[in-house]
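Asks:
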Amino acid sequence: MNSAEKNNNVDVVMKTIPKNFNVRTLDSVKFAKARSNEIRAIQQDLARVRTNPSGLGLPNHMRRRAMSHNAKRFPWRLRHIAEEKMNNSLANANQKTLAKVASRHHRRRPKNLREEFAKRQRDKVWLETHLWHAKRFKMILQWNYKIPLHPCDKSVRAAYRSTVKHCTIQDVSFNEVIEIRGIQTDIVNCLSQLTCPETGLTFGAQMFLSGQHHGEVMLYHKASFPYGAITKVQFLWRCIPTSSSSTDAGMVESKASSSQNTVESEGVTRTLWVWVHPSAFQDVLAAISSVVEKELVEVKDLRGELVRFRLSGPQANAVVTDGLKVATLPELGKEEETNEWWQKKLSDNYFQTVHKQQTQFWNRLRSIQSVTELPSKCVIGLTVRDPRILLPIRRKKVETDHLKADFSTIPRCPRPGLNESTSCIWDQEVRDGLSSTMQSTHSINELRRNILVPGVQLDLGSKESRVPVLLLQSPGVQLPVRSDSCGETPPLGFSSGWDVVIPKKWGTIFWVGFIYRGARAVGLKDSYNRCLHQGIPRIPEDFPDTRSGQEIEEVIAKDLEATFKRKPPAKRPNYAKLGFLSPFRCPWEKLVSEWMSKLDVIKTDGDAAEGVQNGSAAEANREETFYVLRHMSHLRQLQSVFHDITSHKSSVAKPNIPSSVISSNPSLQDLSRLDQRGLVWVRVDLLQRGSPEAFSMICLPKECDLVALKEGKSHPEPVESLKKQFKLDKKSKKGKPTPKNKETFEEKVAKAKLLELNSRTIIGFVTNGSHAFSRGKGHAVGFCCLPGLLVLARSSSVHVLVRDSKSTQYRFARVTVVLL
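Residues 1 to 820 in the UniProt record's numbering are what the sequence shown lists, from first letter to last.
1) Expressed to the nearest angstrom, what Euclidean distance is found between the alpha-carbon atoms of residue 590 and residue 683?
2) Measuring only the C-alpha atoms, how far is residue 475 from residue 210?
3) What residue ranges within the stretch 426-464 form continuous beta strand (DSSP E) runs of no fewer than 3 residues, ordered along the chain?
4) List the residues that DSSP assigns as beta-bridge partners of residue 67.
5) Put residue 421 into one of helix, strand or coil per three-state DSSP.
6) Closest to residue 431 by CA distance: which of 501, 395 and 415 is it?
7) Going straight from the alpha carbon of residue 573 to that of residue 806, what length do you get?
8) I'd like to know if the stretch 230-238 and the stretch 669-677 are in contact, where contact means that at least 3 CB-CB pairs between them fall below 8 angstroms.
9) Would you check if the distance between the CB atom of residue 182 and the CB atom of residue 297 is smaller than 8 angstroms?
10) If you compare alpha carbons, which of 391, 465, 388 and 358 is closest to residue 341?
11) Is the CB-CB distance between residue 278 and residue 524 below 8 angstroms?
12) Would you grab the beta carbon distance between residue 513 and residue 310 for me? Rounded to a whole angstrom, and I think it's under 8 angstroms.
13) Rounded to whole angstroms, what is the Cα-Cα separation between residue 704 and residue 785?
14) How many angstroms separate the CA atom of residue 594 from the CA atom of residue 174?
15) Taking 8 angstroms as the threshold, find out whether the stretch 448-464 comes into contact with the stretch 372-383 through three or more Cβ pairs.
16) Looking at residue 638: is its Cβ nearer than 8 angstroms to the Cβ of residue 817?
17) Since residue 398 contacts residue 318 with CB under 8 angstroms, what's their CB separation in whole angstroms?
18) Could you tell me which whole alpha helix (DSSP H) segments of length 4 or greater appear in the UniProt domain "POP1 C-terminal" (679-818)?
19) Mapping the DSSP letters down to three states, classify residue 28 as helix, strand or coil.
20) Of the residues 813, 176 and 322, which one's Cα is nearest the Cα of residue 283?
21) Which residue comes first and which comes last in the beta strand (DSSP E) that contains residue 516?
22) Would you please state the rounded distance, in angstroms, between the beta carbons of residue 477 and residue 492? I believe it to be under 8 angstroms.
23) Compute the beta-carbon to beta-carbon distance between residue 385 and residue 344, rounded to the nearest angstrom, for a pair I have assumed lies under 8 angstroms.
24) Quick check on residue 715: buried or exposed, where buried means 16 or more other Cβ atoms within 10 Å of its Cβ?
25) So what's residue 190 in DSSP terms, helix, strand or just coil?
26) Consult DSSP for residue 474 and reduce its assignment to one of helix, strand or coil.
27) Given this structure, state the Cα-to-Cα distance separating residue 631 from residue 537, to the nearest angstrom.
28) At 3 residues or longer, and completely inside the stretch 306-348: list those beta strand (DSSP E) runs for me, N to C.
29) If I measure Cβ to Cβ from residue 69 and keep anything under 6 angstroms in the same chain, skipping five residues before and after, which residues do I get?
30) For residue 66, which residues of its own chain have a beta-carbon under 8 angstroms away from its beta-carbon, when the five flanking residues on both sides are left out?
31) Can you tell me whether DSSP reads residue 221 as helix, strand or coil?
32) Under a three-way DSSP split, which group does residue 174 fall into?
33) Measure the CB-CB distance between residue 212 and residue 416 and report whether it falls below 8 angstroms.
34) Do you know whose CA, among 196, 645, 390 and 134, lies nearest residue 224's CA?
35) Apart from the five residues on each side of it in sequence, which residues of its chain come closer than 6 angstroms, Cβ to Cβ, to residue 809?
36) Using CA atoms only, rank isn't needed, just tell me which of 629, 756, 532 and 812 is closest to residue 774.
Shown next as structure tokens:
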């Protein structure tokens, strides 16, 4: 556009402007009135307080989105202005929030949480720590209890690391308690009908009668050993009050004095606590009630009266000693009058003496480096302070300071005496009074908040609760077995620690105190992994000869079968082709019955074969088809047989040991005369690759397998061929199998011989197995039938083959007999 055209446009605009219009004047009233709506909108916008200070005049390149809720994002010269505006905006926002309509979740909340929680517990039992676990753990309904299974995070390796290096804690309060009260002689005589001395120390053992040690024993139905097993229980006798016992006397207590106390206590009324797994509680209660005389012995159910925590690990003693502080008792007449149970005990000189000795012993116990320095399975009684008063401000990790320890002189490890094992937790009145007078956590938090100086410990004086507790020492692994071919075993004292027994309603209080000191909470699954590393059986899964073990086996089989059937055939293993008749449970009855029928074929000495036949005929009329061998002398004989085989350096180095040397072993001949229906608890350590799982089969190797094992990795491990005899008829493949064909297929499986189905003879099954962190290789535990182990021993070998239920690959492993 040129200049001429521009001038023409200006002339056109000037002609449209009225002549009386003054460009330099403006009527503000008229101007504002015409724009009243815009001014009103601006005023409303300025009156509305915003959360975002709008940058406070900052240029665009300095503005940040986080400035709307974080004043520290502003430069320091504008920060105080931003904070002031944010505070004003938050105050207005809170007022608007109150006027908001509550959310649907808030409207549907229960009016009374206590009533809601009580309603949920009508058909199940919650542990006292249930609310703590429910927020952090996978919870399952097992044995009518809500039990924490495992944490929601990845915790398998972390739990093992804590067990080896620090401390783990588990709530085992689901184990139920039976109290037996009466004359000591009457109690021992009655319970001796349910036990057998050949399985180990029983209720009447001298070391347990004093109450300074707790024990465990296997229970059987009356006059049915070795059949009729019930379950394994833990027990503890109450100490007999004695005023002459002292700490030093307890440390050097002689056998003569202990036997004298035992004789004196035979006519005294004693109390016995028995901890039973909930799966077998009714069986144990019925068995005890059937053998005791109600006029002489009183049996009482203490379910829900006691709480029990299990702390395991090398730092368990540091966590317990830091979390439990012995309470101080004021002098008689100087305390305030309250209804606390301990004030009624102040006039008792024996109570004062015992409390003083327990305080001295507990202070000395802080100097030890590990729980294993104490006597095995010792018991300590304490009266401690309220853990809520001593709760740390934030969570810390308590450990033993090895740098401050004086190793120049070996200190004498304290040994608890009778007074150190005494506790008032045995009294029902004390437990009830302690629960009724306990202060609420809310009231203690209110008192702590009113303290003028933050961080100062709260002092309640005589109003503070004194809680009686019991500490039961757990020795863990005591005799590790090392072998060059098996890898490393757990260290000495693995999984050692304390079991803390607490009165009811105090579980969560003590639990939080231990958690704040670094203990890692674990669940039922983690405890099963710990049992695998220790090589001990789980209750009730690893007790196949008990009713509770068979019930849990049936439940697991149904769950696994339901999971298996939910998958299409192309996405699940064909167990028929793999040669597994029972992939979801261990067929112990079929295994034992087929081995019993095969005994006449085994080439043994004439006397041994005759003894086997006589023993089997004598037991043929029994309803039970098998039993678990728990006879200690027989298990030690079996261990000695395999020890003689491994004494030649290795059965791999010398696979051709003369069979006459092994057959002439008197222990082997004695074992051949036993009832051959027994199952033996064994540990299986894989030599090379592989990780065994539950229900894996344990098989006898052939001579060619042992030769290949001797030659090393140049020869691969054996592989089983797929089976074809269990395929359905071709007519039934086109459609759904008819009932006739389906019945025929099931009959084929039922008639199949377990020992003839595979190329290697089966002698047992794995009940629990995985990759063991303590060994760095595959590790498993399970049962082998007694005649199968004897055949293995006669072949001068300790090596077996293990095959998983989903694979055809055999793995070489070494079998070890373990004492139950």
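No residue lacks a Cβ here, since even glycine has one placed at the ideal position from N, Cα and C.
Replies: From the atom records:
1) Within the sequence shown, numbered from 1, the residue matching residue 590 stands at position 590. Within the sequence shown, numbered from 1, the residue matching residue 683 stands at position 683. Approximately 22 angstroms between the Cα atoms of the pair.
2) Position 475 of the sequence shown, counted from the first residue, corresponds to residue 475. Position 210 of the sequence shown, counted from the first residue, corresponds to residue 210. Each residue's alpha carbon lies about 19 angstroms from the other.
3) Counting only runs of 3+ residues, no beta strand (DSSP E) is found wholly inside the stretch 426-464.
4) In the sequence shown, residue 67 corresponds to position 67, counting from 1. DSSP, once it has assigned bridges, lists no residue as partnering residue 67.
5) Within the sequence shown, the letter at position 421 stands for residue 421. Helix, per DSSP.
6) Within the sequence shown, residue 431 is the residue found at index 431, counting from 1. For residue 431, the closest of 501, 395 and 415 by C-alpha to C-alpha distance is 501.
7) In the sequence shown, the residue the question calls residue 573 occupies position 573. In the sequence shown, the residue the question calls residue 806 occupies position 806. Spanning the two alpha carbons is a distance of roughly 6 angstroms.
8) no
9) By one-based count along the sequence shown, residue 182 stands at place 182. By one-based count along the sequence shown, residue 297 stands at place 297. In this structure, residue 297 lies closer than 8 angstroms to residue 182 by Cβ.
10) Taking the sequence shown and counting its residues from 1, the one referred to as residue 341 is at position 341. Taking only the C-alpha atoms, the option nearest residue 341 is 465.
11) Locating residue 278 in the sequence shown gives position 278, counting from the first residue. Locating residue 524 in the sequence shown gives position 524, counting from the first residue. Cβ distance not < 8 angstroms, so residue 278 and residue 524 don't count as in contact.
12) In the sequence shown, counting from the first residue as 1, residue 513 sits at position 513. In the sequence shown, counting from the first residue as 1, residue 310 sits at position 310. Not really, about 15 angstroms apart at Cβ, beyond 8 angstroms.
13) By 1-based counting over the sequence shown, the position of residue 704 is 704. By 1-based counting over the sequence shown, the position of residue 785 is 785. Rounded to the nearest angstrom, the two C-alpha atoms are 23 angstroms apart.
14) For the purposes of this step, residue 594 is taken as the residue at position 594 of the sequence shown. For the purposes of this step, residue 174 is taken as the residue at position 174 of the sequence shown. Going from the Cα of residue 594 to the Cα of residue 174 covers about 39 angstroms.
15) no
16) In the sequence shown, counting from the first residue as 1, residue 638 sits at position 638. In the sequence shown, counting from the first residue as 1, residue 817 sits at position 817. Yes. Within cutoff.
17) Within the sequence shown, numbered from 1, the residue matching residue 398 stands at position 398. Within the sequence shown, numbered from 1, the residue matching residue 318 stands at position 318. 5 angstroms between Cβ atoms; contact.
18) The qualifying runs are 703-711, 730-734, 739-751 and 786-794.
19) Here residue 28 corresponds to residue number 28 of the sequence shown, with the count starting at 1. Three-state DSSP puts residue 28 in a helix.
20) Against the sequence shown, residue 283 aligns to sequence position 283. Check the Cα spacing between residue 283 and each of 813, 176 and 322: the tightest is with 176.
21) Sequence index remark: in the sequence shown, residue 516 carries index 516 (1-based). No beta strand (DSSP E) holds residue 516; DSSP gives it neither H nor E.
22) Locating residue 477 in the sequence shown gives position 477, where the first residue counts as 1. Locating residue 492 in the sequence shown gives position 492, where the first residue counts as 1. So it is a contact: roughly 6 angstroms between Cβ atoms.
23) For the purposes of this step, residue 385 is taken as the residue at position 385 of the sequence shown. For the purposes of this step, residue 344 is taken as the residue at position 344 of the sequence shown. Going by Cβ atoms, the distance from residue 385 to residue 344 rounds to 18 angstroms, so no, they are not a contact pair.
24) Your numbering for residue 715 matches position 715 in the sequence shown. By the 10 Å Cβ count, residue 715 comes out exposed.
25) Residue mapping note: residue 190 aligns to position 190 of the sequence shown, counting from 1. Helix.
26) Within the sequence shown, the letter at position 474 stands for residue 474. DSSP places residue 474 within a strand segment (E or B) once states are collapsed to three.
27) Within the sequence shown, numbered from 1, the residue matching residue 631 stands at position 631. Within the sequence shown, numbered from 1, the residue matching residue 537 stands at position 537. Each residue's CA atom was taken as its position, placing residue 631 and residue 537 some 16 angstroms apart.
28) 306-312
29) The residue you call residue 69 lines up with position 69 of the sequence shown. Taken in chain order, the list of residues that qualify is empty.
30) In the sequence shown, counting from the first residue as 1, residue 66 sits at position 66. The answer, listed in chain order, is 73.
31) Residue numbering aside, residue 221 sits at position 221 when the sequence shown is read from its first letter. Note: residue 221 maps to coil in three-state DSSP.
32) Taking the first residue of the sequence shown as 1, we reach residue 174 at position 174. If DSSP states are grouped into helix, strand and coil, residue 174 belongs with coil.
33) Locating residue 212 in the sequence shown gives position 212, where the first residue counts as 1. Locating residue 416 in the sequence shown gives position 416, where the first residue counts as 1. The answer is yes: Cβ separation under 8 angstroms.
34) For this step, residue 224 is matched to residue 224 along the sequence shown. Measuring from the Cα of residue 224, the nearest candidate turns out to be 196.
35) The sequence position of residue 809 within the sequence shown is 809, counting from 1. For residue 809, where only same-chain residues beyond five positions count, the Cβ hits under 6 angstroms are 719.
36) For the purposes of this step, residue 774 is taken as the residue at position 774 of the sequence shown. It is 532.
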